[in-house]
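The structure appears right after this line, and notes come after that.
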Amino acid sequence: MANNISGKKVAFLLTNGVEQVELTEPWKAVQEAGGQPVLISPEEGEITAMKGDWEYGDTFPVDQQLAQAKADDFDAIVLPGGTVNADKMRLEPDAVALVQAFAEAGKPISAICHAPWLLIEAELVKDRNMTSYASLESDLKNAGANWVDEEVVTDRGLTTSRNPGDLEAFCSKMLEEISEGRHAEV
Numbered sequence: 003m004a005n006n007i008s009g010k011k012v013a014f015l016l017t018n019g020v021e022q023v024e025l026t027e028p029w030k031a032v033q034e035a036g037g038q039p040v041l042i043s044p045e046e047g048e049i050t051a052m053k054g055d056w057e058y059g060d061t062f063p064v065d066q067q068l069a070q071a072k073a074d075d076f077d078a079i080v081l082p083g084g085t086v087n088a089d090k091m092r093l094e095p096d097a098v099a100l101v102q103a104f105a106e107a108g109k110p111i112s113a114i115c116h117a118p119w120l121l122i123e124a125e126l127v128k129d130r131n132m133t134s135y136a137s138l139e140s141d142l143k144n145a146g147a148n149w150v151d152e153e154v155v156t157d158r159g160l161t162t163s164r165n166p167g168d169l170e171a172f173c174s175k176m177l178e179e180i181s182e183g184r185h186a187e188v
């Protein structure tokens with residue numbers, strides 16, 4: 003793989019209702035590139051993923067409680083989508099604070115599908131080029147983002163994609179950003 007991220011620790015922030023493939027494909031990409039993915043959630047024990055919005059997927063063990071997670075312990079953060087997951091996460095004050103801490107530290111942030119809802123809540127989208135699931139277009143524009151319909155968009159360390167069909171491009175750009183490391187302004 004072109005982007006070696008050996009020794010890099012990558013937070014995956016999610017909860018029940020995450021879109022399974024938006025967790026598993028980036029997770030696998032991080033592992034294959036030599037990184038260490040860590041599942042962070044407000045839930046204890048395990049979370050249940052979804053396949054689309056209606057079909058239950060697999061369960062995944064939680065590695066670390068959200069309340070104990072600190073941006074200083076990680077090199078980057080990935081925000082998988084899923085309508086239910088994203089809607090719950092944007093209401094978690096600790097999730098908002100954690101994403102803001104990654105941004106303040108200039109660490110790469112990658113969000114796909116509905117996950118940009120959390121970025122809106124964290125006030126990180128104003129004056130940025132971004133994409134998302136189509137139904138978030140108005141939300142992002144209303145929060146000050148320049149929304150575009152492209153498979154992957156990166157703006158000052160913030161990488162976004164639209165949906166599971168964009169995962170190959172999303173994972174590639176995510177790994178590139180993680181391998182480059184900190185940005186002056188996220």
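Start counting the sequence shown at 3; every next residue gets the next number (my numbering). Idealized CB from N, CA, C, for every residue including glycine.
{"Item": "Span of the beta strand (DSSP E) around lysine 11", "Value": "11-15"}
{"Item": "Under 8 Å between C-beta atoms of glutamate 21 and proline 166", "Value": "yes"}
{"Item": "Touching by the beta-carbon criterion (3+ pairs, under 8 Å), the segment 8-18 and the segment 69-86", "Value": "yes"}
{"Item": "Which listed residue (Met52, Cys115 and Val12) has its alpha carbon closest to that of lysine 72", "Value": "Val12"}
{"Item": "Exposure label - methionine 3; buried when at least 16 CB within 10 Å", "Value": "Only weak support exists for where methionine 3 lies, its pLDDT of 45 falling under 50; the coordinates are left without a value."}
{"Item": "Environment of isoleucine 7 [buried if 16+ CB atoms lie within 10 Å]", "Value": "buried"}
{"Item": "Simplified DSSP state of alanine 73, which is helix, strand or coil", "Value": "helix"}
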